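Working notes, beginning with the structure itself.
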Amino acid sequence: MGLNDAVNYVLFNNPVSSGMWSIASHGAKAVGLKPKAIAQTAATQSTAVVQQALPPLWKLLGHNRHILRLAGLSGAAAVMLGAYGAHYHFPTNDEQGGRDQRQVFEMTNRYHFIHSLALLAAPLARRPYLTTLLLTSGMALFCGSCYYISFTNDRTVGKVTPIGGFMLIFGWLSFII
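Just so we're aligned, residue 1 is where the sequence shown starts under full-length UniProt numbering, counting upward by one.
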């Protein structure tokens with residue numbers, strides 16, 4: 001919707017202004033004023049332009065609808081894991097002196113949610129498949145390894161976490177190429 005359409009809606013087509021124009025035209029007819037033929041043809045042409053319907057948003061996605069479904073699946077997984085982690089009994093102390101397992105879980109779940117939302121915007125990128133690939137791989141490696149660490153306290157898979165983090169960074173950067 002451009003500026004012209006917005007001004008046209010504000011001045012002519014919204015319910016308040018159309019009611020005011022109707023009152024003004026009835027008042028002009030009562031006084032005996034008649035509109036010019038040019039003004040009437042312009043009004044019918046402008047209403048024809050305004051009445052063109054925009055396509056639904058799901059049609060604008062085209063062949064990238066499966067990316068949106070993947071984002072929905074990832075968001076649902078984030079909600080399910082968040083609910084599971086909220087009721088999971090994490091150990092209170094960490095022998096290795098690292099982060100508490102609950103803190104790791106909360107950070108991971110937050111990253112999972114944020115990147116699931118970012119995945120919703122992937123069809124709008126210039127290269128949507130590259131963006132989707134980088135974001136989903138990054139979520140799988142980064143969030144997957146952090147979820148594993150938070151639930152098991154086995155830090156041997158921690159070596160793939162930075163790779164997943166870099167893939168998430170590159171996924172965000174792929175929006176600008």
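The beta carbon of each residue, even a glycine, is placed where N, CA and C say it ideally should be.
A quick note: this is a predicted structure, and the numbers were derived from the prediction, not measured.
The residue among Ser150, Leu124 and Tyr148 with its C-alpha nearest the C-alpha of Ile177 is Leu124. Within the region 64-129, the runs of alpha helix (DSSP H) at least 4 residues long that lie entirely inside it are, in chain order, 65-87 and 101-120. Under the criterion of beta carbons closer than 8 angstroms, Ala71 and Leu119 qualify as touching, at roughly 4 angstroms. For Gly27 and Val10, the gap between their C-alpha atoms comes out near 21 angstroms. Rounded to whole angstroms, the gap between the alpha carbons of Leu134 and Ile169 is 9 angstroms.
By the criterion of at least three beta-carbon pairs nearer than 8 angstroms, the region 72-83 is in contact with the region 101-112. Proximity to Val160 across Met139, Ala76 and Met20 peaks at Met139, based on C-alpha coordinates. When DSSP states are grouped into helix, strand and coil, Asn13 belongs to the helix group.
In this structure, Ile163 lies away from Val157, with their beta-carbon atoms at least 9 angstroms apart. For Asp5, the enclosing alpha helix (DSSP H) begins and ends at Leu3 to Asn8. Taken atom to atom, the span from the alpha-carbon of Leu60 to that of Leu68 is near 12 angstroms. Nearest to Ser74 by C-alpha distance, out of Gly62, Gln101, Cys143 and Leu130, is Cys143. By a beta-carbon distance limit of 8 angstroms, Ser174 contacts Thr131. Their separation comes to about 4 angstroms.
Around the CB of Gly19, fewer than 16 other CB atoms lie within 10 Å, so the residue is classed as exposed.
By the Cβ-count criterion, Pro128 is buried, with 16 or more other Cβ atoms from all chains shown falling within 10 Å of its own Cβ.
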